[in-house]
Amino acid sequence: MLREDYEAVMGLEVHAELSTKTTIFCACPTNFGASPNTQTCPICMAMPGTLPVLNEKVVEYAVKAGLATGCDISRDSKNDRKNYFYPDLPKSYQISQYDKPLCEHGKIEIETSEGKKTIGITRIHIEEDAGKLNHDEFGGGSLVDLNRAGVPLIEIVSEPDLRSTEEVELYLKKLKSVLEYIEVSDCKMQEGSFRADVNVSVRKKGDSKLGTRTEMKNMNSFRSITRAIEYEIDRQIDVIENGGKIEQETLRWDEVSGKTFSMRDKEDAQDYRYFPDPDLVAIKLSEEYIENIKKTLPELPESRKQRYLEEYKLSEKDANIITSSKYLSDLFEGAIEVCNNPKAVNNWIISDISRILNETETEPIEIPFDSNQLGKLVILIDKGTISSSIGKKVLEELFENPRDPEEIIKEKGWIQISDEGEIKEIVLKILEENPQSIADYKAGKDRALGFLVGQAMKQTKGKANPQMLNKMFLEELKK
Amino acid sequence: MNITELTVHELQEKLKNKELKITDIVKAYTDRINEKEKDVQAFVTTLTDEATNQAKEIEEKVNSGEISGEFAGIPIGIKDNMCTKGVKTTCSSRMLENFVAPYDATVIENLNNENIIDLGKLNMDEFAMGGSTEYSYFKKTRNPWNLNKVPGGSSGGSAAAVAAGMVPWALGSDTGGSIRQPASFCGVVGLKPTYGLISRYGLVAFASSLDQIGPITKDVYDSAMLLNLIAGHDEKDTTSIDREKVDYTKCLKNDVKGLKIGVPKEFFGEGINKEVKEALEQAMETYKELGAEIEEFSLDIAEYSLATYYIIACAEASSNLGRFDGIRYGYRAKEYKNLRELYKKSRSEGFGAEVKRRIILGTYVLSSGYYDAYYKKAQQVRTLVMEQFEEAFEKYDVILTPTSPTVAFDIGSKTNNPLEMYLTDICTVSVNIAGLPGISIPCGVDSQGMPIGMQLIGNKFCEETILNAAYTFEQKIKFRENHKPTFEGGIN
């Protein structure tokens with residue numbers, strides 16, 4: 001059979017770190033990057049006799065995420081223990097949720113190249129993160145760092161509704177932007193605060209039964225997720241085409257070799273012995289509580305997008321890009337408030353800012369300047385203080401060392417030359433240096449004008465006002 | 480005056496009248512510990528030097544008026560599964576042989592706030608699993624009434640130390656009878672409070688939904704006083720209930736007229752020792768004389784309590800004891816080739832046989848494929864047990880049973896038969912399963928002079944009712960005046 005005769009089926013388990021100030025079951029800070037084991041206490045170290053106390057903010061954030069993805073919120077939920085041994089898991093069980101998650105039956109809409117598609121969300125539950133193991137460069141063993149132990153997570157499990165890497169990426173981006181909009185997670189993939197495990201299976205097109213799935217872990221960018229899925233689809237089809245059977249197993253994606261590897265063998269199949277955590281009381285939520293959280297939900301990307309289409313007449317494509325990230329969207333709206341020029345701000349974000357983000361592999365949240373500074377940049381161009389080509393330089397400077405654009409151009413001497421006398425002087429000098437161009441122009445070659453303006457811009461390092469140059473060259477040439 | 484025979488409220492009176500000084504009291508107890516420890520073997524860690532110094536300090540502060548409080552300078556003993564900052568907390572296990580907690584349990588903080596002096600950490604069955612204190616890794620505690628007999632367990636060190644006058648009172652913990660049964664065996668008063676009345680923060684967990692800390696004392700008045708000190712909501716333990724504070728000494732009225740006492744016939748059937756049964760019947764007569772009403776009724780679900788208890792307790796224990804993995808604290812095997820072996824050897828060598836037995840049992844009942852048949856079923860039975868007790872408390876104020884079907888048994892007689900050992904909990908476990916308060920008080924001795932315990936069970940948060948019932952009985956029969964431990968028997 002041909003590859004085209006197969007269909008891939010994907011479902012995702014996304015773990016998003018919640019941006020609460022303290023951990024889920026004790027009062028330790030959740031900051032990233034502190035020295036090992038400095039953000040711990042007897043509770044997250046699992047000292048004998050300690051007990052967990054559920055951080056109410058974690059419930060609130062998870063309920064927010066549930067409401068923003070159209071989930072039903074459970075009025076009666078609980079915490080369960082997932083038992084297994086690993087040195088980064090100090091209690092030897094993870095407190096998670098098993099059969100009564102906080103949120104169930106939600107959905108997320110994506111826009112694929114073939115149109116709109118709804119991806120079902122099976123459940124969202126709360127759980128604690130584990131610590132991490134560092135290789136000991138001196139002793140040759142492993143060192144346990146429990147700073148991350150107890151950092152709150154939500155796990156968002158999708159239905160197996162995804163059929164392509166394009167859909168997977170769109171779903172993840174949409175989910176990420178929703179979580180950013182409602183400000184429950186900063187979703188930094190590099191720091192692991194937004195990570196996805198992918199379940200993949202293949203089946204013959206037209207089959208209604210799902211194939212055996214494998215679960216892939218350890219992908220930390222959209223690119224590696226796409227690569228891993230493509231690799232795994234090919235591998236599974238190969239196995240089937242060669243008469244083999246897919247084993248249900250967990251695979252680890254290796255970014256360097258571009259392959260997946262089995263994490264544990266079948267004999268080792270984990271039995272997590274889930275049971276309700278007797279140290280924690282049931283989570284009972286009132287209608288009033290849920291209603292109050294509903295009221296605090298901010299405008300979500302879908303509704304912002306509609307507004308941009310109607311209010312600012314953005315194209316569907318641009319509106320999608322801008323609303324894909326709360327940070328871009330906030331930047332857009334903030335800059336418009338300053339400069340009142342939506343079209344220009346849109347152009348900056350869609351072209352130059354997006355390009356720089358791509359080139360430097362930076363996420364929108366990491367943009368160092370603020371909307372006020374972008375707005376001022378637009379104003380400087382609109383007023384003619386600088387040219388748009390200088391504007392690009394100012395933008396680069398904003399990425400490098402963000403400060404007031406006015407300060408930047410003063411400091412760098414980038415203010416546009418708009419003085420008629422000065423412009424005239426430049427024009428005359430260029431004409432003197434390029435007699436051939438004058439002759440060309442007079443012979444009807446209009447291109448010569450462009451060349452002359454270009455020369456003038458070059459000599460003034462882009463500072464001359466291009467419209468004035470144009471006008472003055474024409475005047476002189478017609479003489 | 481023999482200081483170590485006095486109750487705490489008697490000590491308080493003598494301090495108040497200046498008949499005694501704090502240093503006199505602590506000296507009497509440290510002397511007594513030095514004298515009796517070789518026979519009784521109640522302590523894992525003694526703090527006699529520390530206590531002596533503390534007594535001097537506290538006495539000076541009290542004299543200078545810097546501190547006051549009716550409990551300042553009163554000594555206590557602590558079961559060795561409650562975390563004490565800077566002092567070893569071993570749970571009588573090789574696993575925690577050298578473990579020093581970096582924090583104090585909430586109950587310990589409460590005692591420290593009163594300037595109560597810790598005389599030491601008391602022996603127990605390893606991780607509170609057992610009914611004779613023979614499963615301690617360190618030593619076998621002996622019953623002061625007969626040194627060849629067990630003190631009961633798991634709070635055997637606490638009960639024996641109180642009975643032997645080595646501490647005026649002690650804290651124990653009770654998961655299936657671990658306060659009441661040893662109290663019964665040692666002729667002292669043991670109270671298991673309602674689940675949720677006392678914070679469990681800092682109590683090394685055995686079975687979280689059943690564990691409760693409680694007082695082991697010489698008499699009921701002391702029990703009420705110690706309960707006053709440890710009861711109350713703690714935000715570090717979300718299963719502790721936020722209720723209004725009560726002074727439990729206020730309910731001790733020495734009057735049970737009209738009190739309705741239910742006697743479940745199932746607790747007096749097969750397996751109960753004849754002398755125990757007779758003593759309990761005598762106790763019922765005494766209650767009638769005191770004006771209480773006694774009625775027999777059926778609590779047939781109790782038959783299933785023991786099985787239910789062992790499933791739930793072992794399931795929770797198998798998870799709770801996972802943290803003892805040799806990674807961060809506690810025992811770690813000397814040699815291991817890889818992580819798996821590190822776990823396997825550390826846990827095999829660090830835990831005793833009974834603890835391992837229960838971990839295996841608990842792991843089994845939680846395993847996929849068995850969960851529904853065991854753990855889930857046990858939880859359903861648990862609900863039924865609660866319901867039957869609720870029904871009973873619509874009719875009765877108090878339920879009266881033996882604390883244990885027998886008196887203290889010989890050391891070594893049951894250690895090779897786990898099932899028989901489990902049966903020593905038969906009268907007490909249902910109280911934990913239902914989360915109710917229960918108190919054991921002595922009601923007589925058998926022909927060998929061994930104490931017999933009576934258990935009074937109350938409705939949730941009705942500690943006052945059972946304390947008053949126990950107090951009234953105690954005032955009538957005056958057990959302490961009539962019976963004293965003999966320290967008979969030798970080392971076998």
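Note that the protein sequences, when read in sequence, are chains A and B.
Everything in the first sequence is counted per the numbering used here, starting at 1 for the first residue and increasing by one.
Everything in the second sequence is counted per the numbering used here, starting at 480 for the first residue and increasing by one.
Every residue gets a Cβ at the ideal spot worked out from N, C-alpha and C, and that includes glycine.
Please read these numbers as outputs of a predicted model, since none were measured by experiment.
Counting only beta-carbon separations shorter than 7 Å, does serine 657 of chain B have a partner in chain A?
False, the Cβ-Cβ gap to chain A never drops below 7 Å.
Restricting to Cα atoms, I'd like to know which of A:Met10, A:Phe32 and A:Thr50 is closest to leucine 280 of chain A.
A:Thr50
Tell me, please, which residues DSSP counts as bridged to serine 201 of chain A.
A:Val9
List, from N- to C-terminal side, the alpha helix (DSSP H) runs of 4 residues or more that fit wholly inside the stretch 731-781 of chain B.
753-768
Presumed contact (8 Å Cβ cut-off) between tyrosine 231 of chain A and glycine 258 of chain A, rounded CB distance:
Going by Cβ atoms, the distance from tyrosine 231 of chain A to glycine 258 of chain A rounds to 6 Å, so yes, they are a contact pair.
Put glutamine 190 of chain A into one of helix, strand or coil per three-state DSSP.
coil
What residue ranges within the stretch 785-848 of chain B form continuous beta strand (DSSP E) runs of no fewer than 3 residues, ordered along the chain?
none
So glutamate 820 of chain B contacts chain A; which residues on that side make the cut at Cβ distance below 9 Å?
Per Cβ cutoff of 9 Å: no residues; glutamate 820 of chain B is ~12 Å from chain A at best.
Considering serine 919 of chain B, what are the terminal residues of the beta strand (DSSP E) in which it resides?
Per DSSP, serine 919 of chain B belongs to the beta strand (DSSP E) from 917-924.
Is it true that the CB of isoleucine 595 of chain B sits closer than 7 Å to the CB of isoleucine 537 of chain B?
no
In terms of alpha-carbon separation, which member of B:Arg679, B:Lys753, B:Thr696 and B:Gly968 lies closest to glutamate 714 of chain B?
Considering only B:Arg679, B:Lys753, B:Thr696 and B:Gly968, the residue with the shortest C-alpha distance to glutamate 714 of chain B is B:Arg679.
Please state whether the Cβ-Cβ distance between histidine 636 of chain B and threonine 620 of chain B is less than 7 Å.
For the sequence presented, residue 636 of chain B should be read as glycine rather than histidine. Against a cut-off of 7 Å, the Cβ pair of threonine 620 of chain B and glycine 636 of chain B comes out as a contact.
Going by DSSP, which residues form a beta bridge with glutamate 128 of chain A?
A:Pro152, per the DSSP bridge assignment.
My assumption, with CB atoms under 8 Å, is that threonine 563 of chain B sits in contact with isoleucine 587 of chain B. Please give the rounded CB distance.
6 Å
Quick test of your reading: proline 90 of chain A and serine 142 of chain A, contact by CB under 8 Å. State the CB separation rounded to the nearest angstrom.
That pair is no contact at about 14 Å.
Which of helix, strand or coil does DSSP assign to isoleucine 553 of chain B?
coil
Among residues of its own chain, excluding the 5 on either side of arginine 837 of chain B, which ones have a beta-carbon nearer than 6 Å to its beta-carbon?
The beta carbon of arginine 837 of chain B is closer than 6 Å to those of Met608, Cys793 and Ala796 in its chain, skipping five residues each way along the sequence.
Output needed for tyrosine 388 of chain A: all residues of its chain with C-beta closer than 6 Å, excluding positions within five of it in sequence on either side, in chain order.
In the sequence under discussion, the amino acid at residue 388 of chain A is serine, which differs from the tyrosine named in the question. Within the same chain, serine 388 of chain A has close Cβ partners Ile381.
With 9 Å as the limit, tell me which residues of the stretch 648-676 of chain B have their beta carbon closer than that to any beta carbon of chain A; keep them in chain order.
none
Measuring CB to CB, does leucine 785 of chain B end up less than 7 Å from valine 910 of chain B?
no
According to DSSP, what are the bridge partners of alanine 196 of chain A?
A:Val14
Phenylalanine 606 of chain B by DSSP, collapsed to three states: which one?
helix
Same chain, Cβ closer than 7 Å to tyrosine 614 of chain B, neighbours up to 5 away in sequence not counted
Asp604, Glu605, Met608, Gly831 and Glu833
How many Å lie between methionine 189 of chain A and isoleucine 322 of chain A at the Cα?
19 Å
Under three-state DSSP, which class holds glutamate 267 of chain A?
Unreliable placement is indicated for glutamate 267 of chain A, whose pLDDT of 47 sits below 50; no coordinate value is reported for it.
Have a look at the DSSP bridge pairing and note the partners of glutamine 416 of chain A.
Per DSSP, glutamine 416 of chain A has no beta bridge partner at all.
If I'm right that isoleucine 178 of chain A touches methionine 10 of chain A with Cβ under 8 Å, what's the distance once you round it to whole angstroms?
Position check: residue 178 of chain A holds valine in this sequence, whereas isoleucine was assumed. Not quite, the Cβ-Cβ distance comes to about 19 Å (not below 8 Å), so this is no contact.
Bridge partners - histidine 135 of chain A, DSSP secondary structure assignment
A:Ser142
What residue from B:Gly556, B:Ala781, B:Gly748 and B:Gly675 has the CA that sits closest to threonine 717 of chain B's CA?
B:Gly675
Would isoleucine 751 of chain B and proline 884 of chain B qualify as a contact pair, given that the criterion is a beta-carbon distance under 7 Å?
Less than 7 Å divides the Cβ of isoleucine 751 of chain B from the Cβ of proline 884 of chain B.
Is the Cβ of lysine 91 of chain A closer than 7 Å to any Cβ of chain B?
yes
Grab the span of the alpha helix (DSSP H) containing glutamine 459 of chain A for me, first residue to last.
First-last of the alpha helix (DSSP H) with glutamine 459 of chain A: 447-459.
Does any residue of chain B have a CB that is nearer than 7 Å to the CB of proline 160 of chain A?
no
Between the stretch 61-77 of chain A and the stretch 773-783 of chain B, do three or more beta carbon pairs fall short of 8 Å?
no
Alpha carbons only, please: which of A:Ile365, A:Arg403 and A:Gly450 is nearest the one belonging to asparagine 372 of chain A?
Of the residues A:Ile365, A:Arg403 and A:Gly450, the one whose Cα lies closest to the Cα of asparagine 372 of chain A is A:Arg403.
Is it buried or exposed, methionine 574 of chain B, if we count other Cβ atoms within 10 angstroms and call 16 or more buried?
buried
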